[in-house]
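Undergrad: Here you go, one structure.
In this note's numbering, the protein residues as written are 1271 to 1837.
So this is what it looks like as structure tokens:
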């Protein structure tokens, strides 16, 4: 036996205990050497037999007549060499659907382990003649035999603890992806400390605890002072404390990218100096070695003006490197290939880390470009297009490329469109805020009759940036700076809609009445009629006009009553 695993052939009969051939065990001398089980496999088979017998006792005999060959025959023959040689059934296979028991799945009695090689002509029959050949010794299964991935597994009921553990694992992304590499959290190595180190750390811990208490007390004192100042300023500015507190404490200190440092600025400037005129640039290691010897470029020997100049040059260099236009189409194509590959890798890595789905389309912006349209999606993200939209991703990329090349725009035109987009976004943001604060889905923003809207809906738009005339953004925004100022104010909720209290509404009404009394056009007025102040002329009453008047029911002529009776 070569140690490789074989599995039940599809030609074997699905009837339990029946083979396709007529040969008995005595006629196949190689079977005893080939039909081999390890002790673990025999134990699993014994458990399976016990499960079958318990099911039979519980549910009664099968609906169809079961084969007469005992399932214990191969087990007893292999465990006990002195067992009387009987006809062994063919290797165990799942029950056929024609022989089943209530509550018993057809896969309950499948073999739990792969079988060893079995001659193709082997079969068992109840009428075969028993053999007198001595049984061959049971050989152990080679340890080097690799387990087959498709081998049938033993059906086993899981415990409550195992089910709870599986349910807990399924809540996390790594738990739903067993077998994949997981990024373990970093853990420091434990070192043995000397008595002196232990004493030093204890003293540092006590000192640190004392310093921490001082810091907490100082922070609490600052918070109390801040709350008092906010309360006082809220009364002076006539705003709510919550709003002022949000503006004061709402700034985030989280930084996504590393800010440029003076060290980076000095190294960059020095690298330009030493690489000037060289055919091959020096590596960074050599540049830093030369910089260490040049004391004139050390930070402590530079003036404030020199540091600011170096930093400004370094920042401009970084901006140019990120957004500078490529000189040739070939360099642009290489940049495109590298950057899109990085985007694809980030999408894939994010999907593996966080379980997200995403896709990316990128095409050329002009027919003269030599960029190749590309698209990518991790996992089954691209299935969204054919299954939901009914279109293939390649067709989407082709249509996107056609749109891009037929609507080609340079950077200036794109920036102009960006200004228009920001201006339109400001108008949409203001209109959306009005709908949300009033709860009226169909309400529209009216800039010309703004104060009428304020008094009627009891809302007000506060925080409009100074220096920008109040009005429709499409009319009052004329440059990119003002548009971005208003957009940042709307995004940060510095400029937003608020509901007015009754006292605030009375104040607004009194203020508007005073402004209107001074002759200021506060409310939107209608155009006066051309005949305003003139008495309207009335035509004299005539007989024709009198006949058209409505007759009272109190006065009815008798002649009219007689006419009605005759009818």
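Note that beta-carbon positions come from the ideal geometry of N, C-alpha and C, so glycine has one too.
All values reported here derive from a predicted model rather than from experimental measurement.
Which residues mark the beginning and the end of the alpha helix (DSSP H) in which residue 1689 is found?
TA: 1681 to 1708
Undergrad: Is residue 1647 helix, strand or coil when you go by DSSP?
TA: strand
Undergrad: What does the alpha-carbon distance come out to for the pair residue 1606 and residue 1657?
TA: 30 angstroms
Undergrad: Use the C-beta contact count for residue 1535: other C-beta atoms within 10 angstroms, 16 or more gives buried, fewer gives exposed.
TA: buried
Undergrad: With a Cβ-Cβ cutoff of 8 angstroms, do residue 1670 and residue 1637 count as a contact?
TA: no
Undergrad: Hey, how far is the Cα of residue 1744 from the Cα of residue 1693?
TA: One C-alpha to the other measures close to 6 angstroms.
Undergrad: Based on DSSP bridge pairs, tell me the residues matched to residue 1731.
TA: In the DSSP output, where bridge partners are listed per residue, residue 1731 has 1767.
Undergrad: What residue range does the alpha helix (DSSP H) around residue 1629 cover?
TA: Not the alpha helix (DSSP H): residue 1629 falls in the beta strand (DSSP E), residues 1629 to 1632.
Undergrad: Ignore the nearest five residues each way along the sequence and tell me which others in residue 1530's own chain have a CB closer than 8 angstroms to its CB.
TA: 1581, 1584, 1585, 1588
Undergrad: Specify the secondary structure class of residue 1480 as computed by DSSP and reduced to three states.
TA: helix
Undergrad: Okay, do the region 1722 to 1741 and the region 1475 to 1484 touch, 3+ Cβ pairs below 8 angstroms being the bar?
TA: Judged by Cβ distances under 8 angstroms, the region 1722 to 1741 makes no contact with the region 1475 to 1484, as fewer than three pairs qualify.
Undergrad: Where does residue 1391 land, buried or exposed, given buried means 16+ other C-beta within 10 angstroms?
TA: Residue confidence is low: residue 1391 scores 44 on pLDDT, short of 50, so the model does not pin down where it sits. Its coordinate-derived value is still stated next. Exposed, because fewer than 16 other Cβ atoms sit within 10 Å of the Cβ of residue 1391.
Undergrad: Can you list, in chain order, the residues of its chain with a C-beta nearer than 8 angstroms to that of residue 1685? Leave out the 5 residues immediately preceding and following it.
TA: 1750
Undergrad: Check the C-beta distance from residue 1611 over to residue 1628 and give it rounded, since I have them as a contact under 8 angstroms.
TA: Not a contact, Cβ separation roughly 15 angstroms.
Undergrad: Beta-carbon within less than 7 angstroms of residue 1571's beta-carbon, same chain only, minus the 5 sequence neighbours each way: which residues are those?
TA: 1565
Undergrad: Comparing the C-beta of residue 1665 with each C-beta of chain C, is any distance below 8 angstroms?
TA: The displayed structure is made up of one protein chain only, and chain C is not part of it.
Undergrad: In whole angstroms, give me the CA-to-CA distance for residue 1625 and residue 1439.
TA: 15 angstroms
Undergrad: In or out: residue 1492 buried (at least 16 other Cβ within 10 Å) or exposed?
TA: exposed
Undergrad: Taking only the alpha-carbon atoms, compute the straight-line gap between residue 1552 and residue 1609 and give it to the nearest angstrom.
TA: Distance between the alpha carbons of residue 1552 and residue 1609: 26 angstroms.
Undergrad: For residue 1661, is the classification buried or exposed, using 16 other Cβ atoms within 10 angstroms of its Cβ as the cut-off for buried?
TA: exposed
Undergrad: Below 8 angstroms on the Cβ atoms is my guess for residue 1760 versus residue 1753; work out the distance and round it to an integer in Å.
TA: Not really, about 11 angstroms apart at Cβ, beyond 8 angstroms.
Undergrad: According to DSSP, simplified to helix, strand and coil, what is residue 1802?
TA: Of the three classes helix, strand and coil, the one that applies to residue 1802 here is coil, per DSSP.
Undergrad: Around the C-beta of residue 1663, are 16 or more other C-beta atoms found within 10 angstroms, so that it is buried, or is it exposed?
TA: buried
Undergrad: Starting from the Cα of residue 1765, find the closest Cα among 1599, 1559, 1771, 1755 and give me that residue.
TA: 1755
Undergrad: Taking the alpha-carbon positions, what's the residue 1620 to residue 1614 distance?
TA: 10 angstroms
Undergrad: By the DSSP assignment, the alpha helix (DSSP H) with residue 1670 in it spans what residues?
TA: 1663 to 1676
Undergrad: Go through its chain and collect everything with a Cβ distance to residue 1545's Cβ below 7 angstroms, but skip five positions before and after it.
TA: 1551, 1552
Undergrad: Between the C-alpha atoms of residue 1738 and residue 1689, what's the straight-line distance to the nearest angstrom?
TA: Taking the straight line from one Cα to the other gives about 16 angstroms.
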